[in-house]
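These protein sequence lines are chains A and B, in that order.
Offset between the first sequence (1-based) and this note's numbering: plus 3.
Offset between the second sequence (1-based) and this note's numbering: plus 1223.
All residues carry an ideal CB built from backbone N, CA and C; glycine is no exception.
What follows is one structure encoded as structure tokens, with my remarks underneath.
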Amino acid sequence: MSSKFQDLKDIAVQVRKDIISMTTAAGSGHPGGSLSAVEILTALYFEKMNIDPKKPDWEGRDKFILSKGHAAPVLYSVLARRGFFTPDKLINLRKMGAMLQGHPDMKGTPGVEMSTGSLGQGFSASVGMALASKLDNRKNRIYVLLGDGEINEGIVWEAAMAAAHYKLDNLTAFLDYNGLQIDGPNEEVMNIKPVDEKWRSFGWNVLEIDGHDFEAIFNAINKAEETKEKPTIIIAKTVKGKGVSFMENQVGWHGTAPTEEEMEQALKELGGEL
Amino acid sequence: MTKKIATREAYGKVLVDLGKQNEDIVVLDADLSKSTKTSSFGKEFPNRFFNMGISEQNLMGTAAGLAASGKIPFASTFAMFATGRAFEIIRNSICYPKLNVKVCATHAGITVGEDGASHQALEDIACMRAIPNMTVINPADAISAEALIYAASEYKGPVYIRLGRAKVPVIYNKEDYEFEIGKGIEVKEGQDVTIIATGIMVDKALKAREDLLKEGISARVIDIHTIKPIDKDIIIKATKETKAIVTVEEHNILGGLGSAVAEVVVENSPVPMKMIGINDTFGESGKPDQLLEKYGLTPENIFNKVKELLNKLK
């Protein structure tokens, strides 16, 4: 029996399979933080954002910036499945001469709005994009995804302050709050709590959701759209490695590619409702 | 007496004019708009002026986002903070995607003066020219600054424009020269030796040339206002037509104009060279003229170094 959002759930499964296959074929990459953001990107690209894959540079489009650029596999998969380029390109991730660079390259890949990878910078650029839309009286919306480790960066708070100062209510940030960064849990590496209070005190509208629940994601995006004079951050509680039992909540899967056997097990687990 | 105008003054003036001509021009500053002279643009076009507060990294990142949305951002702060603190944002968010941002940094070099070493950018040219896709411009006076800022606004891609705090002599007549990005200017002809200078050192080189003439030495003076891409032809021509090259810059001798010229000379047509600049040291507080004197950025020192070099060739 198909449940609500079944189409999106099916796409999410496909995207997770892509992430596993791509990183295995590449022999490197970041599966953990890609898997945690699957529902957020699927909701944006397949439902919420006003985009045209055939005209990736169309002026009125909504924009998504992957500020946590190391999660490139989830972005590439979603772009391919949405028709920005053919899915056969995915398998060449990180290969010499391939279109899909290790971190997003806006000049080389259709649909990539900003070259990111150095943390915090995509978020800063999203502030510039939101300012530009305001200046041109464009109704498009700017979405940006930050990692929880990423908010250790000073530029994030510079940009957060500026977005509130300029009342960028056309900007919606997501925090992929999976609790883990490269060297371990956030609390051990650099405590970011209380995350919600930090953003609130910087002048942001703060919403907290389960980042794997489509209904919650859409409700939050809609609330963000209704909020005037303030940017919104949706703190999305997520599971790093979501969907693959041996990857879930394991910090080691931040930047390690699966072996062939691990890939087979993961794909089997992700299953075949498709 | 020659008129003296700071290159940052020229910048402030040009910006307002550019703002009138092109609606896509936006200006960002980091709480230094009175010093960088962007405040006049802010007054004229408040909607297109963004004070980002004291946050140089976000200044550059936001400029990148504006450029990615079709705007032509001019991002200004002091050269130290633009190219030092925000280096990596300039590299990764502006130059890697070749976004159309003009980094117009003022208070470059030792002539910042009294503020001292922490504020005297002496490595900015080296840092900026090492980034692919970046164009690096260092105007000699207010006239060339004006012309080159117009040229930069028409060029599509990242440009670093180095501007100064101190008032400096106007050496160019607007009518007599053309300023094209990437084209050096032979300001004065000469057959014995070539002095290649950049920025406010062009004026000092011209003064040294006059003194050299009195001793029967004919020095060619070239203004390399675009350090990258550098005008190879004008440099190679000088190596063929004169015996030696002396470079002069208000910058560390490591990685700046001297290095850029030497890269062209050694690969194409080696001749003896001498590099005049700050000798790999930090600056200090003082009046600009006192500091120029102490660090050898004077016509006298250029005169002496040219003679030393020519004497070695005898």
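Residue i versus residue j: straight-line alpha-carbon distance, rounded
i	j	result
ASN1524(B)	SER1508(B)	21 angstroms
THR1421(B)	LYS1260(B)	22 angstroms
ALA162(A)	ILE224(A)	20 angstroms
PRO34(A)	MET117(A)	21 angstroms
ILE158(A)	ASN1245(B)	30 angstroms
GLY131(A)	MET109(A)	16 angstroms
GLY1336(B)	LEU1514(B)	7 angstroms
TRP256(A)	GLY244(A)	7 angstroms
LEU277(A)	VAL18(A)	Below a pLDDT of 50, predicted positions are generally treated as unreliable, and LEU277(A), at 43, falls in that range; the measurement from the model is reported next regardless. Whole-angstrom Cα-Cα distance: 12 angstroms.
ASN252(A)	GLU50(A)	28 angstroms
GLY123(A)	GLY1307(B)	17 angstroms
ILE73(A)	PRO107(A)	Ile is not the amino acid found at residue 73(A); the sequence shown has His there. Distance between the alpha carbons of HIS73(A) and PRO107(A) is about 8 angstroms.
TYR1373(B)	THR1329(B)	17 angstroms
GLY1284(B)	ASP179(A)	21 angstroms
VAL1391(B)	GLU232(A)	46 angstroms
GLN1414(B)	SER1367(B)	25 angstroms
ILE1468(B)	GLY36(A)	56 angstroms
PHE1310(B)	CYS1350(B)	8 angstroms
Chain-ordered neighbours of residue i on chain B, where CB pairs are closer than 8 angstroms
i	result
MET109(A)	ALA1291 and PRO1320
SER118(A)	ASN1315, SER1316, TYR1319 and PRO1320
GLY157(A)	GLN1280
Residue i, enclosing alpha helix (DSSP H) - first and last residue
i	result
ARG1352(B)	1347–1352
LEU1251(B)	That residue, LEU1251(B), is in no alpha helix (DSSP H); its beta strand (DSSP E) goes 1248–1252.
SER1482(B)	1480–1491
GLU263(A)	263–273
ILE1453(B)	Careful: ILE1453(B) lies outside any alpha helix (DSSP H) and carries neither H nor E.
GLU1531(B)	1522–1536
ALA1431(B)	1424–1437
Chain A contact residues for residue i, given Cβ-Cβ distances below 9 angstroms
i	result
GLY1276(B)	GLU161, MET164, ALA165 and HIS168
GLN1513(B)	What GLN1513(B) touches in chain A: nothing, since even the nearest Cβ is about 36 angstroms away.
Interface residues of chain B facing residue i [CB-CB closer than 9 angstroms]
i	result
ILE154(A)	The contacting residues do not exist; ILE154(A) stays about 14 angstroms from chain B at best.
ILE236(A)	None at all; the shortest Cβ gap to chain B is about 16 angstroms.
GLN124(A)	GLN1280, MET1283, GLY1284, ALA1287, GLU1311, ILE1312, ASN1315 and SER1316
PRO150(A)	Note that residue 150(A) is Gly in the sequence shown, not Pro. Per Cβ cutoff of 9 angstroms: no residues; GLY150(A) is ~16 angstroms from chain B at best.
Beta strand (DSSP E) segment containing residue i, residue limits
i	result
PHE177(A)	174–180
ASP151(A)	Looking at the DSSP string, ASP151(A) is not in any beta strand (DSSP E), and its letter there is neither H nor E.
MET1498(B)	1496–1501
ILE1300(B)	The question names Ile, but residue 1300(B) is Thr in the sequence shown. Run containing THR1300(B): 1295–1301, per the beta strand (DSSP E) assignment.
GLY1406(B)	The sequence as given places Lys at residue 1406(B); Gly does not occur at that position. Here LYS1406(B) belongs to no beta strand (DSSP E), and DSSP marks it neither H nor E.
ALA1420(B)	1416–1420
Which of helix, strand or coil DSSP assigns to residue i
i	result
ASN1281(B)	helix
LYS12(A)	helix
PHE126(A)	helix
HIS168(A)	helix
LEU69(A)	strand
ILE54(A)	coil
LYS7(A)	coil
PHE1272(B)	strand
HIS1448(B)	coil
ALA1467(B)	strand
VAL1391(B)	strand
GLU1473(B)	strand
ARG144(A)	coil
PRO188(A)	strand
ILE1372(B)	helix
GLU228(A)	helix
THR27(A)	helix
ASN1396(B)	coil
Interface residues of chain A facing residue i [CB-CB closer than 7 angstroms]
i	result
PHE1273(B)	LEU134
ALA1287(B)	ALA128 and GLY131
LYS1294(B)	ALA135
Listed by chain order, chain A residues near residue i by CB distance under 8 angstroms
i	result
LYS1270(B)	One detail in the question is off: residue 1270(B) reads as Asn in this sequence, not Lys. Under the 8 angstroms cutoff, chain A gives LEU138.
Interface partners of residue i on chain B, CB under 7 angstroms
i	result
SER121(A)	GLU1311 and ASN1315
beta-carbon residue i near the ligand COA non-hydrogen atom, thresh 7 angstroms
i	result
LYS1294(B)	The ligand COA is not among the ligands present in this structure, which contains no ligands whatsoever.
Residues, ordered as in the chain, of the segment 35–65 of chain A that lie near chain B by beta-carbon distance below 7 angstroms: none
Proximal residues, the segment 1300–1332 of chain B versus chain A, C-beta separation under 8 angstroms: GLU1311, ILE1312, ASN1315, SER1316, TYR1319, PRO1320 and LYS1321
Where the segment 216–233 of chain A meets chain B: residues whose CB sits under 9 angstroms from a CB there: none
Contact list for the segment 91–116 of chain A against chain B, Cβ threshold 8 angstroms: ASP108, MET109, LYS110 and GLU116
Contacting positions in the segment 196–214 of chain A - beta carbon closer than 9 angstroms to chain B: none
Contact list for the segment 242–257 of chain A against chain B, Cβ threshold 9 angstroms: none
Residues, ordered as in the chain, of the segment 173–197 of chain A that lie near chain B by beta-carbon distance below 8 angstroms: none
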